[in-house]
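What follows is a set of notes on a single structure, which appears directly below.
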Amino acid sequence: MTQIFLTGATGYIGGEVLHALQHAHPDYEVAALIRDKEKASKVLGAFPKVRVVLADLDNVDIIEEESRKANIVIHAASNKHIASVKAIANGLAGRQNAYYIQVTGASVLAGPEVDNNSYGEPSDQIIDDLDNAADLRDIIRAYKDRRVVDNYILDLGSSGPKTAIIFPPIIFGIGKGPVKQRSVQVPSLARATLLQRVSLYLGRGLSRWGIVHVSELADLFVKLVENAVNATPSPIWNENGLFFAEKGFESFKDVASVIAKEAHSLGYIDSPDSVKSMNLEESNVVIPNGSVFLGTNGQGRASRAKKLLGWQPDGESFQSAVRETIIAEAAQL
Ligand SMILES: NC(=O)c1ccc[n+]([C@@H]2O[C@H](COP(=O)([O-])OP(=O)(O)OC[C@H]3O[C@@H](n4cnc5c(N)ncnc54)[C@H](OP(=O)(O)O)[C@@H]3O)[C@@H](O)[C@H]2O)c1
């Protein structure tokens with residue numbers, strides 16, 4: 005029996021992953037770590053077969069014990085909480101037939117801009133997770149202090165569980181998880197557009213990130229889980245288990261243009277061309293850490309999932325999802 009231990013089920017990514025897994029494989033047993041009783045009830049309302057583990061990420065003994073019971077652990081609650089990462093690794097230690105999938109983020113590629121305090125500028129660096137896997141490992145290792153979780157998982161080597169790290173870029177679209185369905189960059193920019201009646205980008209807006217729909221991202225998790233369940237031999241784990249997830253790259257100025265066009269066609273702003281540059285301080289008001297999330301380059305090409313897992317991110321378009329997000333944000337004002 006496939007037993008999955010999932011964190012972050014009440015969140016945007018983890019909720020979508022739970023939804024996708026339960027629909028694709030209702031026979032898989034899922035234990036979900038949830039810290040809040042009311043949210044746990046919502047999860048159970050949507051997915052009654054889930055076993056709730058009522059605990060916080062700091063409850064490392066519980067996390068280790070649940071990981072020991074599982075064949076597959078998906079850590080979608082945090083990309084920074086190293087104590088929980090260590091607890092998962094301890095629970096899976098020494099088991100070659102156990103799997104650990106961790107979500108982190110495409111800001112792994114943002115190091116140079118952060119080092120140089122340079123935001124909104126273009127970069128010609130695109131890292132392909134298949135062809136440039138060694139470069140990606142070097143980048144992770146070059147930032148030991150900022151990429152603590154990525155480094156810890158890479159350093160586990162291949163004597164224990166099989167590991168995969170997913171580095172999502174700009175995730176767009178309204179989620180189907182049972183509690184939180186809102187992403188970060190696009191909703192925050194849409195909200196700022198509605199409040200200021202102009203769509204914003206940082207600096208020259210020329211830096212680019214990958215984009216992926218949240219349901220496409222969840223499909224990638226499902227594909228990895230299926231590969232684990234079927235124990236299909238392929239170079240997708242441990243030092244090869246580094247996955248970008250994208251269906252193209254967008255500059256933040258282009259993102260602002262799409263938001264402006266859609267906000268205008270919905271009647272929220274006066275012109276489809278209402279876009280404006282903002283400075284660093286203003287970007288950090290739009291989103292905490294806006295300089296990184298709106299001003300760096302996160303151009304990681306997702307070849308490994310497409311070529312080796314048959315992952316096809318061909319779902320809802322960016323434009324259509326932006327429109328839905330603007331409508332959702334307007335309803336919250
Ligand atoms: N969304 C994006 O665009 C994006 C892109 C790349 C990477 N990421 C990273 O991926 C991770 C998940 O992102 P997300 O957007 O899904 O975040 P989210 O919507 O805020 O969800 C976070 C989830 O983790 C849970 N959680 C957080 N701290 C916890 C703790 N101490 N104990 C137990 N549960 C805890 C939350 O539970 P509660 O409901 O109780 O708060 C929630 O279920 C984050 O580290 C984020 O930085 C996100």
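Its first residue numbered 5, the sequence shown is counted upward by one per residue in the working numbering. Think of the CB as a built atom: it goes at the ideal place given N, C-alpha and C, for glycine as much as any other residue.
Exercise for review: Taking Ile-291 as the reference, give the member of Tyr-205, Met-5, Pro-182 and Val-216 with the closest Cα.
Suggested key: Tyr-205
Review point. Going along the chain, which residues of its own chain have a beta-carbon closer than 7 Å to the beta-carbon of Lys-251, five neighbours each way excluded?
Key: Counting only Cβ-Cβ distances below 7 Å, and skipping sequence neighbours, we find Ile-215, Val-216, Glu-220 and Pro-317.
Point to revise | Check: Ser-82 C-beta below 7 Å from any heavy atom of ligand 1 | key: yes
**Study point:** Residues near Gly-302 in its chain [Cβ-Cβ closer than 7 Å; skip 5 each side]
**Key:** Ala-110, Ser-111, Leu-113, Ala-114, Pro-173, Trp-213 and Gly-214
Point to revise | Assigned exposure category for Glu-285 - 16 Cβ within 10 Å defines buried | key: exposed
Check your understanding: Where do the ends of the alpha helix (DSSP H) carrying His-85 lie?
Key -> It is not in any alpha helix (DSSP H) - His-85 carries neither H nor E in the DSSP assignment.
Review point. For Asp-65, which residues does DSSP report across the bridge?
Key: Answer is none; Asp-65 lacks a bridge partner.
Review point. Does Asp-135 have its Cβ less than 8 Å from a Cβ in chain D?
Key: Of the protein chains in this structure there is only one, and it is not chain D.
**Study point:** Gln-361 versus Asp-274 - alpha carbon distance
**Key:** This structure gives no information on residue 361, because the portion of the chain shown stretches from 5 to 337.
Review point. Should Ser-281 be listed as close to ligand 1, given that the test is whether its C-beta is under 7 Å from any heavy atom?
Key: Within 7 Å of the C-beta of Ser-281 there is not a single heavy atom belonging to ligand 1.
Review point. Is Thr-14 near ligand 1, with its Cβ less than 7 Å from a heavy atom?
Key: yes
Exercise for review: Tell me whether the beta-carbon of Val-21 lies closer than 8 Å to the beta-carbon of Ala-93.
Suggested key: In this structure, the beta-carbon distance from Val-21 to Ala-93 does not fall below 8 Å.
Point to revise | Which of helix, strand or coil DSSP assigns to Gly-214 | key: Strand at Gly-214.
Review point. How would you write the range of the alpha helix (DSSP H) that Ser-307 sits in, first residue to last?
Key: Its alpha helix (DSSP H) spans residues 307-312.
Review point. Are Thr-197 and Ala-267 close, meaning C-beta to C-beta below 8 Å?
Key: yes
Review point. What alpha helix (DSSP H) runs, 4 residues minimum, are completely inside the segment 174-210?
Key: 189-200
Check your understanding: What span of residues does the alpha helix (DSSP H) with Lys-251 cover, start to end?
Key -> Taken as a continuous stretch (DSSP letters only), Lys-251 belongs to no alpha helix (DSSP H), as it is neither H nor E.
Exercise for review: Give the C-beta separation of Asn-136 and Arg-145 to the nearest angstrom, bearing in mind that I take them to be a contact with Cβ-Cβ under 8 Å.
Suggested key: With 8 Å as the limit, Asn-136 and Arg-145 do not qualify as a contact, their Cβ atoms being about 14 Å apart.
Review point. Going straight from the alpha carbon of Ser-87 to that of Met-282, what length do you get?
Key: Correcting the residue type first, residue 87 is Ala in the shown sequence and not Ser. Straight-line Cα distance between these residues: approximately 37 Å.
Check your understanding: Taking the Cβ atom as the reference point for each residue, do Leu-134 and Glu-243 lie within a distance shorter than 8 Å?
Key -> At a Cβ-Cβ threshold of 8 Å, Leu-134 and Glu-243 do not count as neighbours.
Practice item. Take every Cβ of the segment 327-335, pair it with every Cβ of the segment 229-239, and state whether three or more of those distances are shorter than 8 Å. Key: no
Point to revise | Val-56 - DSSP class collapsed to helix/strand/coil | key: strand
Point to revise | Segment limits, alpha helix (DSSP H) that includes Ser-269 | key: 256-269
Review point. From Ala-36 to Asp-277, what distance separates their C-alpha atoms?
Key: Cα to Cα, Ala-36 sits roughly 45 Å from Asp-277.
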